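A.B. asks: Sharing a structure, written as structure tokens. Questions coming.
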Amino acid sequence: MNIEQLVKPFSLLFDLKNGLSDDIESTKRNLSKMKGMYADNEALESILEKEDTLAYEFYELELPNEDNNLLFGTSIVYPGKVGNEFFMTKGHFHNVIDTAEVYYCLSGEGYLLMENPEGDWAAEEFTPGKAVYAPGRYAHRSVNIGDEPLVTFFVFRADAGHDYGTIEEKGFRKLIVDNSGKVEIVDNPKWKNNR
Ligand code: NI
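Below, the structure is given as structure tokens:
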């Protein structure tokens, strides 16, 4: 093994309730970084005129991106909506598209929305204690349908990489929306089937 790639044992503390760690810096995604991701662009712009709200944050470990390492951390999606669409992560495929990932819900309420290029999709519920498996080939996005932060812990193979571009360009097939107090999963009118 290359000595520069030797990872020493370590541990990190993540808060079960708010998901945050004092040990490392999180990556923050404010709504200004989510332009084009929500179905209702006008609703996003009108929020941004008032405030650039923090929509979610997550942790990215600086380990060598080798297939013998694992990357892990928490993802925290804050409660809120753009129009009738719940706050969510951008979502991504893995660059090594066959790489799977596990999410474990620590607190909050929501879904892991998934879809593969072959046309299958799924929305697995997140409630505290629930582990969700995102198989290889499935893009995945966390959606917060509750009124407290949705906190999940994730682990995946360190060489997987993130392909955000495909989702930025074509979106997910499905949206998770609030229809007069009822959570609904509906077709995304802007979804492009051009992968
Ligand atoms: Ni992933």
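Okay, so the sequence shown: first residue is 10 according to this note's numbering, each after it adds one.
Glycine included, C-beta positions come from ideal geometry on N, C-alpha and C.
Just so you know, these numbers come straight off a predicted model, no measurement behind them.
(1) Strictly closer than 6 Å from CB to any heavy atom of the ligand NI: give me those residues in the order they appear in the chain.
(2) Going by CA-CA distance only, name the one from 190, 152, 176 that's closest to residue 116.
(3) Distance check for residue 188 and residue 154, CA to CA, integer angstroms please.
(4) Can you tell me the Cβ-Cβ gap for residue 67 and residue 36, rounded? I've got them flagged as a contact below 8 Å.
(5) Go ahead and label residue 142 buried or exposed: buried means 16 or more other beta carbons lie within 10 angstroms of its beta carbon, across all protein chains shown.
(6) According to DSSP, is residue 56 part of a helix, a strand, or is it coil?
(7) Does the beta-carbon of residue 161 have 16 or more other beta-carbons within 10 angstroms, so that it is buried, or is it exposed?
(8) If you draw a straight line from the C-alpha of residue 93 to the C-alpha of residue 87, how long is it?
(9) So, for residue 28: in the same chain, excluding its five sequence neighbours on each side, which residues have a beta-carbon less than 6 Å away from its beta-carbon?
(10) Count the other CB atoms, across all protein chains shown, that sit within 10 Å of the CB of residue 136; report buried if there are 16 or more and exposed otherwise.
(11) Any idea what DSSP makes of residue 202, helix, strand or coil?
C.D. replies: Quick look at the numbers:
(1) Every residue passing the under-6 Å Cβ criterion appears here: 101, 103, 110, 149, 165.
(2) As a position in the sequence shown, residue 116 is number 107, starting the count at 1. Nearest of 190, 152, 176 to residue 116, Cα basis: 152.
(3) As a first step, residue 154 is located in the sequence shown; it is residue number 145 there, counting from the start. As a first step, residue 188 is located in the sequence shown; it is residue number 179 there, counting from the start. Rounded to whole angstroms, residue 154 and residue 188 show a C-alpha spacing of 12 Å.
(4) As a working mapping, residue 67 is identified with position 58 in the sequence shown. As a working mapping, residue 36 is identified with position 27 in the sequence shown. Confirmed, about 6 Å.
(5) For the purposes of this step, residue 142 is taken as the residue at position 133 of the sequence shown. Answer is exposed; the Cβ neighbour count stays below 16.
(6) Within the sequence shown, the letter at position 47 stands for residue 56. Here residue 56 sits in helix by DSSP.
(7) For the purposes of this step, residue 161 is taken as residue 152 along the sequence shown, with counting starting at 1. In summary, residue 161 is buried, with 16 or more beta-carbon neighbours lying within 10 Å of its beta-carbon over all protein chains present.
(8) Along the sequence shown, read from residue 1 onward, the residue named residue 93 stands at position 84. Along the sequence shown, read from residue 1 onward, the residue named residue 87 stands at position 78. Answer to the nearest angstrom: the Cα atoms are 15 Å apart.
(9) For this step, residue 28 is matched to residue 19 along the sequence shown. The residues are 83, 85, 160.
(10) Here residue 136 corresponds to residue number 127 of the sequence shown, with the count starting at 1. Result: exposed.
(11) The residue given as residue 202 occupies position 193 in the sequence shown. Residue 202 falls in the coil class under three-state DSSP.
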